[in-house]
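Notes follow once the structure below has been shown.
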Amino acid sequence: MSALPEVGPLLQQMADQLSRYLQERQIDDPAFVGIHTGGVWIAEALHQQVAPNAPMGTLDIAFYRDDFEQHGLPQRVRPSELPFTVDGRHLILVDDVLMTGRTIRAALNELFDYGRPASVTLVTLLDIEARQLPVRADILGASLALPAGQRVKLTGPSPLQLTLNAATH
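Here it is in structure tokens:
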């Protein structure tokens, strides 16, 4: 397998894509929402580059996961913080790694419990292409095919780096 991509250049590419995307759709008042933990780090970086005056929130989707009964609660559950109204808002939902699509489904369920957004733009650093649900990123840093038994993890927040690990269940 080739080396994992560097996060810095991916973030710059994603910031450029996201700026164009928002401009093309005439979205000038987005709100950023990062999914704990890696998605928050990516959202914070993009927020600073693309729309530093836009509101920023965070989601912890632990209670919305569909494997909650099988795996129980993670050790660290943080409260979600959305310091803005979701109703009618254009949201930029950010996660670090898109794999099965289940985390994004859980995040959307939680967001809709807060209200009805005007739109949700999905931004992810990596797409691992192991989809179980029909979820695709609107803005994507890179796609990566991993061998069986491998997972990629974003470590940070400073520096942000991708590491390759054995899968754990």
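Each residue of the sequence shown is one higher than the last, beginning at 0 in numbering that gives the first Met the number 0. Note that CB positions come from ideal geometry on N, CA and C, so glycine has one too.
For R19, the three-state secondary structure derived from DSSP is helix.
Going by DSSP, I103 is part of the alpha helix (DSSP H) stretching over 101-113. Sequence-distant partners of P78 (beyond 5 residues in either direction) whose C-beta falls short of 7 Å from its own C-beta, in its chain, are D59.
Sequence-distant partners of M98 (beyond 5 residues in either direction) whose C-beta falls short of 6 Å from its own C-beta, in its chain, are I127, A129.
About 5 Å separates the CB atoms of L125 and V96; that is less than 8 Å, so the two are in contact. DSSP places I41 outside any beta strand (DSSP E); the residue lies instead in the alpha helix (DSSP H), whose first and last residues are 37-49.
The way I'd put it, the region 99-116 does touch the region 131-150; three or more beta-carbon pairs between them come closer than 8 Å. Within the model, the alpha-carbon separation for S157 versus Q47 is close to 15 Å. The distance from the Cβ of V93 to that of V122 is about 5 Å, consistent with a contact at the 8 Å cut-off. Here T84 is not near G37, since their CB atoms are 9 Å or more apart. Taking C-alpha positions only, S18 is separated from A144 by approximately 27 Å. Each of Q12, R150, I91 was checked against the Cα of A53, and the nearest Cα belongs to I91.
M55 is bridged by DSSP to F31.
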